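Reminder that position 33 of the sequence shown reads as 15 in our numbering, one-by-one numbering, no gaps. Cβ atoms here follow ideal geometry from the backbone N, Cα and C, with glycine treated the same way. Just so we're clear, the structure is a prediction, and the values are computed from it rather than from any experiment. Report on one structure; see the data block that follows.
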Amino acid sequence: MKNLSVLLKSLSVVAFLFALCSSVVAQDQKAASAWEIPAKYKTMKNALKGDAASVNVGKNLYAKHCKSCHGGAGLGDGPKASSMKTKITSFKDAKFQAQVDGAIYYQIVIGRDEMPAFDKKVAEEDDRWALVNFVRSLK
-17 MKNLSVLLKS LSVVAFLFAL CSSVVAQDQK AASAWEIPAK YKTMKNALKG
33 DAASVNVGKN LYAKHCKSCH GGAGLGDGPK ASSMKTKITS FKDAKFQAQV
83 DGAIYYQIVI GRDEMPAFDK KVAEEDDRWA LVNFVRSLK
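Below is the structure:
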């Protein structure tokens, strides 16, 4: 019984230290700077309607390529997010959602810094727009 009590106290201390270290890592993250979107992308029009079928395709691609960093609900809290140097912006953020579709498309396809380019992993044009539509659905 005494060993169990010592074990539980030890586990509590380890859990506390882990939580403390995790919060320190998150505090060291810098805020994301504004994206510079080329004019070409600011005027691009989404090739797909934001219908259920398109959003579903985007959801599947998101689960495969984006969820590990951006999180299931797009809050920027995926399992890899805390290890990033830059805090990941929430897709629910009004400023993010205010962007034109072409700007979101650019960010997905071209990337920058820790955000990888998905031009090769998501090669089909319609799939890229489906990702835009899914991200829009996370508002």
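Residue burial classification, residue i (beta-carbon count within 10 angstroms, cutoff 16)
i	result
Asp33	exposed
Gly54	exposed
Asp101	exposed
Ala112	buried
Gly93	exposed
Asp83	buried
Residue closest to residue i, alpha-carbon to alpha-carbon, out of the options
i	options	result
Met97	Glu107, Ala63, Val37	Ala63
Phe116	Ala16, Ala35, Lys22, Lys27	Ala35
Ala13	Met66, Leu43, Gly93	Met66
Ala29	Leu120, Lys121, Glu107, Pro20	Glu107
Pro61	Trp17, Lys69, Lys49, Ser72	Lys49
Arg118	Val37, Gln89, Cys51, Gly58	Val37
Ile86	Arg110, Asp95, Thr68	Arg110
Ile134	Gln79, Leu57, Gln81	Past the boundaries of the shown model lies residue 134; the chain is included only from -17 to 121, so the question cannot be answered.
Ser15	Lys77, Tyr44, Leu120	Lys77
Ser72	Val91, Lys121, Pro20	Lys121
Tyr23	Lys103, Gln81, Ala99, Val104	Gln81
Range covered by the alpha helix (DSSP H) that runs through residue i
i	result
Asp101	First-last for Asp101: undefined, no H or E at that position.
Phe73	Here Phe73 belongs to no alpha helix (DSSP H), and DSSP marks it neither H nor E.
Asn115	107 to 119
Gln81	Neither: Gln81 is in no alpha helix (DSSP H) and is coded neither H nor E.
Which of helix, strand or coil DSSP assigns to residue i
i	result
Lys22	helix
Lys46	helix
Lys12	strand
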